[in-house]
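Throughout the sequence shown, residue numbering follows the working numbering, covering 257 to 604 in sequence.
For glycine and all other residues, C-beta sits at the position ideal for the given N, C-alpha and C.
Predicted, not measured: the structure shown is a model, and the values here were computed from it.
Quick notes on the structure that follows.
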Amino acid sequence: MRDLPPPSAQALVPFVSVAEMMAIVHRIGLERALHALTDRIEADFHRWPRFDKVPRVAAHSAIGVIELMPTSDGDRYAFKYVNGHPANTTAGLQTVTAFGVLAQVATGYPLMVAEMTVLTALRTAASSALATRALAPAGARVLALIGNGAQAEFQALALKSVCGIDTVRLYDVDPAATAKCVRNLAGSGLTVIPCRSAESAVEGAEVITTCTADKRNATVLHDNMIGAGVHINAIGGDCPGKTELAPAILARAQCFVEYEPQTRVEGEIQNLPADYPVTELWQVLRGAAPGRRTRGDITLFDGVGFAIEDFAALNWLYDQLPPGGTRLDMIADPDDPRDLYGMLMRAR
Ligand code: NAD
257 MRDLPPPSAQ
267 ALVPFVSVAE
277 MMAIVHRIGL
287 ERALHALTDR
297 IEADFHRWPR
307 FDKVPRVAAH
317 SAIGVIELMP
327 TSDGDRYAFK
337 YVNGHPANTT
347 AGLQTVTAFG
357 VLAQVATGYP
367 LMVAEMTVLT
377 ALRTAASSAL
387 ATRALAPAGA
397 RVLALIGNGA
407 QAEFQALALK
417 SVCGIDTVRL
427 YDVDPAATAK
437 CVRNLAGSGL
447 TVIPCRSAES
457 AVEGAEVITT
467 CTADKRNATV
477 LHDNMIGAGV
487 HINAIGGDCP
497 GKTELAPAIL
507 ARAQCFVEYE
517 PQTRVEGEIQ
527 NLPADYPVTE
537 LWQVLRGAAP
547 GRRTRGDITL
557 FDGVGFAIED
567 FAALNWLYDQ
577 LPPGGTRLDM
587 IADPDDPRDL
597 YGMLMRAR
């Protein structure tokens, strides 16, 4: 193949690899990044009516799901490809992996392609922090974290950095996962307490985050484990037939969701009648709907993950792009835009 003129700058698309993503997080500092992402998601939730919204497109199999999550604010467009395969870890693979694209609406050209496995952990933790900041009882300091897998440390550190959590009580059905989490959080400034059961983990906790992976209607939290004045982030139940909470807890809780049409299908509320009342979180953030009413309320963030959170995360990442990063030659760039054929033939 003979030499061709290099593609023009606009045809070279910035690509954020896993290595570059990790370098960006370390340059900023993980807790600062989590805080910034929380604020970025909140800012986009404030602009909620401006976005095109659609429940994500899911391809289910017996053992997992592959999903596409698109949205646009009219100026930029984003989508994420993400999977959820709870049995993957037994084969040494992750439960969740993801990548995504940010594009400009005006031309349809991509602005950036990025890994989103790390970014999803960051934005999921930031979303829990956003809900907790808005809904948890004032002064909450103790978090119970049920499910100590890939998402867990991010959840703990986001709630420390954004909400002032200082103690984390850990439980996982697999003690090795809890031991990993204890090791990873050592030196974080959090008091970390491994527990032998979920019942023990929630003792004295004002905030509970469930982030377990199991493709069934599991009961990670039973009704009798939840007292008054607690905020729950239930993030592991995120597709049909995959939930974590006893429905009786929902009957006692004020329930907050990201995008109701998607959560009715994927969230904890899939186990309840279609008229079970929920509030979209953006309405609380904009002051259009009440959040926690009394200190004794149980508030539940039934988080499944929504495209606007990924849109916010990708736009945040785009602002952090270092000069001289990887660029992908992925957009054909003929000198004459109508002579794609000529470009191909000249490359013979
Ligand atoms: P992971 O497989 O790395 O970890 C899950 C952990 O849950 C494992 O350590 C497992 O032993 C534990 N577990 C399973 N059943 C349990 C139970 N009954 N009690 C206690 N622990 C239990 O998965 P991950 O990447 O950490 O993701 C956790 C969950 O969060 C998954 O279900 C995933 O689909 C979901 N998720 C949701 C969002 C969102 O936006 N809501 C985003 C990312 C991941």
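Q. Do the segment 479-490 and the segment 385-398 meet, that is, are 3 or more Cβ pairs less than 8 angstroms apart?
A. yes
**Q.** Check whether R520 and L268 have beta carbons under 8 angstroms apart
**A.** no
**Q.** Sequence-distant residues of its chain with Cβ nearer than 6 angstroms to A315 (five each side left out)
**A.** I322
(Q) Check whether the segment 550-560 and the segment 280-294 are in contact - that is, three or more C-beta pairs closer than 8 angstroms. (A) Fewer than three beta-carbon pairs drawn from the segment 550-560 and the segment 280-294 are found closer than 8 angstroms, and the two stretches are therefore not classed as touching.
Q | Candidates A412, E514 and Y427, of which the one nearest V310 by Cα | A | Nearest C-alpha to V310: E514.
(Q) Looking at P342: is its Cβ nearer than 8 angstroms to the Cβ of D430? (A) no
Q) Which ranges does the alpha helix (DSSP H) cover as unbroken runs of at least 4 residues, wholly within the segment 377-442, from first to last along the chain? A) Counting whole runs of 4 or more residues, the segment 377-442 contains the alpha helix (DSSP H) stretches 408-419 and 431-441.
Q) Anyone know if the C-beta pair for I402 and T346 falls short of 8 angstroms? A) It is not a contact, given that the beta carbons lie outside the stated cut-off.
Q: Give the C-beta separation of G523 and G493 to the nearest angstrom, bearing in mind that I take them to be a contact with Cβ-Cβ under 8 angstroms.
A: Right, the Cβ-Cβ distance comes to about 6 angstroms (below 8 angstroms), so this counts as a contact.
Q.
For the segment 373-383 against the segment 563-580, do three or more pairs of beta-carbon atoms, one drawn from each stretch, fall closer than 8 angstroms, so that the two count as touching?
A. Verdict: yes, contact present.
Q.
Quick check on Y365: buried or exposed, where buried means 16 or more other Cβ atoms within 10 Å of its Cβ?
A. exposed
Q: May I ask you to check if the CB of N404 is nearer than 7 angstroms to at least one heavy atom of the ligand NAD?
A: Using a cutoff of 7 angstroms, the CB of N404 counts as near the ligand NAD, since one of the ligand's heavy atoms is closer than that.
Q: Report yes or no: do the segment 320-337 and the segment 349-362 share at least 3 C-beta pairs separated by less than 8 angstroms?
A: yes
Q | Other residues of its chain near C511: CB distance less than 6 angstroms, five sequence neighbours each side excluded | A | Cβ neighbours of C511 beyond the five flanking positions: V534, L556 and D558.
Q. With a CB to CB cut of under 6 angstroms and the five nearest residues on each side skipped, what residues in its chain are close to D259?
A. Caution is warranted here: a pLDDT of 48 is assigned to D259, below 50, making its placement in the model unreliable, and the coordinate value is therefore given only provisionally. Taken in chain order, the list of residues that qualify is empty.
Q | Contact with chain B by N404, beta-carbon distance below 8 angstroms | A | Although the question refers to chain B, the structure presented lacks it and comprises just one protein chain.
(Q) So, at 6 angstroms on beta carbons, what are the nonlocal neighbours of E287 in its own chain, with the 5 sequence-adjacent residues on each side left out? (A) L413 and S417
Q. Would you say T499 touches the ligand NAD, meaning its beta carbon is less than 7 angstroms from a heavy atom?
A. no
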